[in-house]
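All residue numbers for the sequence shown refer to the working numbering, where the first residue is 338 and numbers rise by one. Beta carbons: idealized from backbone N, C-alpha and C, even for Gly.
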Amino acid sequence: MNRILLIRHVESEANRSGVGLGRADSPPTEMGLKQLEATVQALTDEPVTRVLTSPLSRARLLAERIAESHDLQAESCEALIELDVGELEGVEWPIVRERFGAFLRDWRGDDSVRVPMPGGESLLDVLNRARPVFDELVSDPADGAGVIVTHNFVVKMLVVHALEMPPRAWRRVDTGLCGITFFRIADGIPAVERLNDRHHLRHL
338 MNRILLIRHV
348 ESEANRSGVG
358 LGRADSPPTE
368 MGLKQLEATV
378 QALTDEPVTR
388 VLTSPLSRAR
398 LLAERIAESH
408 DLQAESCEAL
418 IELDVGELEG
428 VEWPIVRERF
438 GAFLRDWRGD
448 DSVRVPMPGG
458 ESLLDVLNRA
468 RPVFDELVSD
478 PADGAGVIVT
488 HNFVVKMLVV
498 HALEMPPRAW
508 RRVDTGLCGI
518 TFFRIADGIP
528 AVERLNDRHH
538 LRHL
């Protein structure tokens, strides 16, 4: 690939409600569908040759529309699914703070990447399963742009991986809904061109 575009999914009902969201398949909102169309339009002139996606609908619907606009089929990839948040799935954040205080103290610490969600995954788990997908696109000798449509924590961990930052730097990566991070690939090295670009959403 000459370029890799890393995209977070559209707004879902759970995003709007402000509850914990991991692998639950929360449907897109009306705003999410508007974000979808704006993102597809923003990529019209990109030479997209592959589209990989999380199987969850908030990512998959966007990936399928991007692929369709370039006469491609989106490739569903389980490794790109969101962090398994375990017992925090669907829980409002005030309740999380009340019930999971010990976890939150560890999560806010310096070694947060190794702290598993209660009954779920750690960020290192996410990195270890998603990294090979990104690396395979980097090493793909074909011309064109590869698109990955995925989730908040997956984007964060792939960005720190691509830039050879320590995993604990994940908090320094912003990931807005439908934000696009553009990488240029030269000699097998990804160089970031734009991070979390949401300019295409400015009129929504």
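Rounded to whole angstroms, the gap between the alpha carbons of residue 539 and residue 515 is 12 Å. Taking a contact to require three or more Cβ pairs closer than 8 Å, the stretch 436-450 and the stretch 465-476 do not qualify as touching. The Cβ neighbour count for residue 508, taken over all protein chains shown within 10 Å, is under 16; the residue is labelled exposed.
Counting only residues of its own chain and dropping the five nearest sequence neighbours on each side, residue 541 has a CB closer than 8 Å to the CB of 368, 371, 372, 375.
Pairing residue 490 with residue 341 gives a Cβ-Cβ distance that is not under 8 Å.
When DSSP states are grouped into helix, strand and coil, residue 388 belongs to the strand group. DSSP places residue 530 outside any alpha helix (DSSP H); the residue lies instead in the beta strand (DSSP E), whose first and last residues are 526-534. Within the stretch 394-418, the alpha helix (DSSP H) runs of at least 4 residues that lie entirely inside it are, in chain order, 394-406.
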